[in-house]
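Written below as structure tokens is the structure these notes are about.
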Amino acid sequence: KQEVTQIPAALSVPEGENLVLNCSFTDSAIYNLQWFRQDPGKGLTSLLLIQSSQREQTSGRLNASLDKSSGRSTLYIAASQPGDSATYLCAVGSARQLTFGSGTQLTVLP
Amino acid sequence: DAGVTQSPTHLIKTRGQQVTLRCSPKSGHDTVSWYQQALGQGPQFIFQYYEEEERQRGNFPDRFSGHQFPNYSSELNVNALLLGDSALYLCASSVAGYTDTQYFGPGTRLTVL
Chain A
1436 KQEVTQIPAA
1446 LSVPEGENLV
1456 LNCSFTDSAI
1466 YNLQWFRQDP
1476 GKGLTSLLLI
1486 QSSQREQTSG
1496 RLNASLDKSS
1506 GRSTLYIAAS
1516 QPGDSATYLC
1526 AVGSARQLTF
1536 GSGTQLTVLP
Chain B
16 DAGVTQSPTH
26 LIKTRGQQVT
36 LRCSPKSGHD
46 TVSWYQQALG
56 QGPQFIFQYY
66 EEEERQRGNF
76 PDRFSGHQFP
86 NYSSELNVNA
96 LLLGDSALYL
106 CASSVAGYTD
116 TQYFGPGTRL
126 TVL
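Listed in order, the protein sequences are those of chains A and B.
Residues 1436 to 1545, numbered by this note's numbering, are exactly what the first sequence covers, in order.
Residues 16 to 128, numbered by this note's numbering, are exactly what the second sequence covers, in order.
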């Protein structure tokens, strides 16, 4: 059974800081890994999708890496802004079924 | 291009009642998945519908059932509601296959009293 763990559960940083969110998974037989953003009480916004054959994806100030052999992914956020405050969720699996971590709640202080 | 839509936005029910939630997929998508997200937790997979049939199911009891219509929209039904069914219910749509991303709707907040 796939299990996804996200560390830390919560993170508070001053504006402008670069930060890294971590995600680990137990079963490396995955088709892809996605990072999502969720604002309080809202749905999920897909940030980055990494196919199993890829090592990383970048979008603007976001960079996500995938190491299947070690069962790890990181989400790097450069030059953080207060508008980045949200919960970030990592999910692994395929278009048939995603297994999510519990998320990292990020607060960027102005 | 409309994204994934869900209705209603909020719903309050009492224990033992039945509820139906609705989802319209993103244009061009033929597959609909449902997830349950309890407060402070990540979403948990309930089931997925493709070609009007349940294709995959997570670890949820038979009280949770669904349906997909010919226009690819979907319903999630929950019978004999329990307090623990209170959650945000998310619908996601995708194109059949293993590698494509899932696009999520805004969710329906269900409160069971």
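Positions of the beta carbon are idealized from the N, C-alpha and C atoms, including for glycine.
The alpha-carbon separation between C1458(A) and C1525(A) amounts to approximately 6 Å.
Nearest Cα to S1463(A) within the set S1504(A), K1477(A), L1454(A) and D1519(A): S1504(A). The three-state reading of DSSP puts G1518(A) in helix, counting H, G and I together. G31(B) counts as exposed, since fewer than 16 other C-beta atoms from the protein chains shown sit within 10 angstroms of its C-beta. Looking at the backbone, the Cα of C106(B) and that of Q21(B) are separated by about 7 Å.
Take the alpha-carbon of I1485(A) and the one of F1471(A): they are about 12 Å apart. Identification of chain B residues near K1477(A) by a Cβ-Cβ cut-off of 8 Å yields P121 and G122, ordered along the chain. Between the C-alpha atoms of Q1469(A) and R1496(A) there is a straight-line separation of about 16 Å. For G81(B), the secondary structure class from DSSP, reduced to helix, strand or coil, is strand. Setting aside the 5 residues that flank it on each side, E67(B) is surrounded in the same chain by Q83, each with a C-beta closer than 6 Å to its C-beta; the list follows chain order.
Listed along chain A are S1481, each with a C-beta nearer than 8 Å to that of Y118(B).
By the neighbour-count criterion, in which a residue is buried when 16 or more other Cβ atoms sit within 10 angstroms of its Cβ, I1465(A) is buried.
Bounds of the beta strand (DSSP E) holding P1449(A) are A1445 to P1449.
Taking the Cβ atoms as the reference, K28(B) lies roughly 5 Å from L96(B), within the contact range of under 8 Å. Within chain B, the residues placing a beta-carbon under 8 Å from that of S1537(A) are G55, Q56 and G57, ordered along the chain. Secondary structure of G1528(A) (DSSP, three-state): strand. Remark: C-beta atoms of F1535(A) and P58(B) approach each other more closely than 7 Å.
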